[in-house]
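See below for the structure under consideration.
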Amino acid sequence: LESDYGVPSEPGQEIRIDLQQQRVDLRGEYALDEGPFEQASLRVGYGDYQHKELEGGEEATRVTSETWEGRLEVLQGDWQGLHGSGGFQFLTRKSAVAGLETFMPSNELFQWGLFAVEELELQDVTFEAGLRFEAQDLESARVDFDEHYWAISASLGAAWKPSEDWLLGVSFSRSDRPPAAEELLSDGPHLSTGGFEVGDPDLDNEVGYTVEATLRKRAGRLRGDINLYYTRFHDFIFRRDGNRVDEAGVPTPDGELIRRDFVQSDAEFYGGEAQLSLEVFELSSFKGYLDASVDYVRARERSSHINLPRIPPFRFRGGVEARSESIDLRLEIWYVAAQNHTAANELRTGRYVMINASVILHPFADPSLTLFAQGRNLGNVEARNHVSFLKDLVPLPARDLRLGLRWAF
99 LESDYGVPSE PGQEIRIDLQ QQRVDLRGEY ALDEGPFEQA SLRVGYGDYQ
149 HKELEGGEEA TRVTSETWEG RLEVLQGDWQ GLHGSGGFQF LTRKSAVAGL
199 ETFMPSNELF QWGLFAVEEL ELQDVTFEAG LRFEAQDLES ARVDFDEHYW
249 AISASLGAAW KPSEDWLLGV SFSRSDRPPA AEELLSDGPH LSTGGFEVGD
299 PDLDNEVGYT VEATLRKRAG RLRGDINLYY TRFHDFIFRR DGNRVDEAGV
349 PTPDGELIRR DFVQSDAEFY GGEAQLSLEV FELSSFKGYL DASVDYVRAR
399 ERSSHINLPR IPPFRFRGGV EARSESIDLR LEIWYVAAQN HTAANELRTG
449 RYVMINASVI LHPFADPSLT LFAQGRNLGN VEARNHVSFL KDLVPLPARD
499 LRLGLRWAF
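In short: position in the sequence shown from 1, add 98, done, that's this note's numbering.
As structure tokens, this is what we get:
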């Protein structure tokens, strides 16, 4: 993968990202004829990543990362309705940042974990339990940092199927996440996010407790699912926006960057999402559908009720679609509400309505080869993505028309 793109910057200052990435994956499976296990699968991957931040055509910062990862999993055969899987996985990564604007010291990460998932089917009720143990070692000789972390995550759920069409489920989970390298070690300008990022080497694990309820229908003319959830975090990790600073981190009202400190706070998230699809007609070779989806999330610090930053607003999508063997037609509308629940020093984003349309042709004998015409933001409205670090500088793309040939393989 190679990519070269611009980053929003001050007038007269051109900043670009030159990115290169290579990845190799090997996968294999082996059938086990004897014992309690049916199959063993192995996946090993290697990744080599680098990007250069260019200012005026000159290299200012170079970021490199070399990663090895693997996963060994065994599938357990059915025993009186009980079946599942378990395994081991690891990841090792060497990261280096060099240049005039180094935002994080070079570091080495090693993670390994053990996991197991079991399901028990009792007539129309299925119970599921999962357990994961994880260890993480992170070292950076440059700043004399060497820390070890342990984490235990678990889940328990049940799903009731009163019929083949319907499913009602509930689950409880505990997630345990060690802090990432950038959360611990960052200390410098990060041009691609427009921030001067400052990590905290004393961060603890982020622990969350979630309860979730699901209602699902997967057969018939009307299909869809509804999910509601509540999560309570202990020591939730996030970036807190501060004042404007220059590239050395010195506060100044007209600074090019925003200081962002990685901090921890007890927090709560709650919300839900729903998706529905209705087959409304079948005429000749065409089938017509109406579909809709909504999602909403609210997130804030527990003790102070201060809003967390970069939380998406309420969104609704409605679509109408006609499909046949030779052509697919689709028109959809997006409504995204204003986000007024903002954190300190965070830009409020307004609501917008966006219309998209597409035509897909299947003129070839090979169904994987298609022609398409696509129009996005046909009303050419100005819209901003609230979760973006650069929302105050960069709106979403304007009207976009595309013609193309797509080959799936």
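Heads up, the beta-carbon is just placed ideally off N, CA and C, and yes, glycines get one too.
As the structure is a prediction and not an experimental result, all values here were calculated from the model.
Go ahead and pull the three-state DSSP assignment for residue i.
| i | result |
| --- | --- |
| arginine 337 | strand |
| arginine 245 | Here residue 245 turns out to be glutamate, not arginine, going by the sequence shown. Looking at glutamate 245 - three-state DSSP - the assignment turns out to be strand. |
| arginine 240 | helix |
| alanine 436 | coil |
| threonine 291 | helix |
| leucine 491 | coil |
| glutamate 49 | Residue coverage of the chain in this structure runs from 99 to 507, which leaves residue 49 outside it and unanswerable. |
| leucine 99 | coil |
| leucine 445 | coil |
| glutamate 156 | strand |
| glutamate 136 | strand |
Would you mind giving the Cβ-Cβ distance between residue i and residue j, rounded to the nearest angstrom? I have them listed as a contact below 8 Å.
| i | j | result |
| --- | --- | --- |
| aspartate 302 | glutamine 362 | 7 Å |
| arginine 342 | arginine 358 | About 11 Å separates the two Cβ atoms, so there is no contact after all. |
| aspartate 333 | aspartate 364 | 7 Å |
| aspartate 123 | glycine 143 | 5 Å |
| threonine 224 | phenylalanine 208 | Between phenylalanine 208 and threonine 224 the Cβ distance is about 36 Å, and since that is not below 8 Å, they are no contact. |
| alanine 194 | serine 204 | 4 Å |
| serine 251 | arginine 230 | 5 Å |
| serine 456 | tryptophan 505 | About 17 Å separates the two Cβ atoms, so there is no contact after all. |
Check whether the Cβ atoms of residue i and residue j sit closer than 8 Å, and answer yes or no.
| i | j | result |
| --- | --- | --- |
| alanine 158 | glutamate 199 | yes |
| glutamate 366 | proline 407 | no |
| tyrosine 307 | tyrosine 368 | no |
| glutamate 151 | serine 290 | yes |
| leucine 236 | alanine 279 | yes |
| aspartate 298 | leucine 282 | yes |
| tyrosine 450 | valine 479 | yes |
| glutamate 232 | glycine 211 | yes |
| isoleucine 335 | glycine 292 | no |
| glutamate 217 | glycine 182 | yes |
| serine 272 | alanine 249 | A small correction: the amino acid at residue 272 is arginine; serine does not occupy that position in the sequence shown. No, the pair does not count as a contact, with Cβ atoms beyond the cut-off. |
| serine 238 | serine 253 | no |
| histidine 460 | threonine 447 | no |
| asparagine 483 | leucine 476 | no |
| asparagine 454 | glutamate 430 | yes |
| leucine 376 | tyrosine 387 | yes |
| arginine 400 | glycine 417 | no |
| arginine 325 | glutamate 371 | A quick correction: the sequence has asparagine, not arginine, at residue 325. Yes. Within cutoff. |
| alanine 442 | phenylalanine 384 | no |
| arginine 121 | arginine 141 | no |
| valine 392 | isoleucine 409 | no |
| alanine 317 | aspartate 263 | yes |
| leucine 117 | glutamate 132 | no |
| valine 323 | arginine 314 | Residue identity check: residue 323 is aspartate in the sequence provided, not valine. Cβ atoms of aspartate 323 and arginine 314: closer than 8 Å. |
| glycine 502 | phenylalanine 462 | no |
| alanine 496 | methionine 452 | no |
| glutamate 295 | phenylalanine 412 | no |
For residue i, write down the residues that DSSP places opposite it in a beta bridge.
| i | result |
| --- | --- |
| glycine 267 | Ala257 and Thr312 |
| asparagine 405 | Arg398 |
| glycine 228 | Val215 and Ser253 |
| glycine 386 | Phe379 and Ala420 |
| leucine 207 | Arg191 and Leu236 |
| histidine 149 | Leu117 and Val161 |
| proline 78 | Beyond the ends of the chain as shown, which are 99 and 507, falls residue 78; an answer cannot be given. |
| valine 451 | Tyr433 |
| arginine 566 | Outside the shown range of the chain, which is 99 to 507, sits residue 566, and nothing can be said about it. |
| asparagine 325 | Thr312 and Glu371 |
| aspartate 498 | Arg474 |
| arginine 330 | Tyr307 and Glu366 |
| phenylalanine 186 | Leu170 and Leu212 |
| glycine 104 | Arg114 |
| serine 456 | Arg428 and Gln472 |
| arginine 319 | None, per the DSSP bridge assignment. |
| alanine 506 | BP columns for alanine 506 are empty, so no partner. |
| query | Using 8 Å as the Cβ pair cut-off and three pairs as the minimum, do the segment 171-178 and the segment 143-152 touch? | reply | Not touching, per the Cβ criterion.
| Given 8 Å as the limit, is there contact between the segment 160-168 and the segment 240-258, that is, 3 or more CB pairs closer than that? | Short answer: they don't touch.
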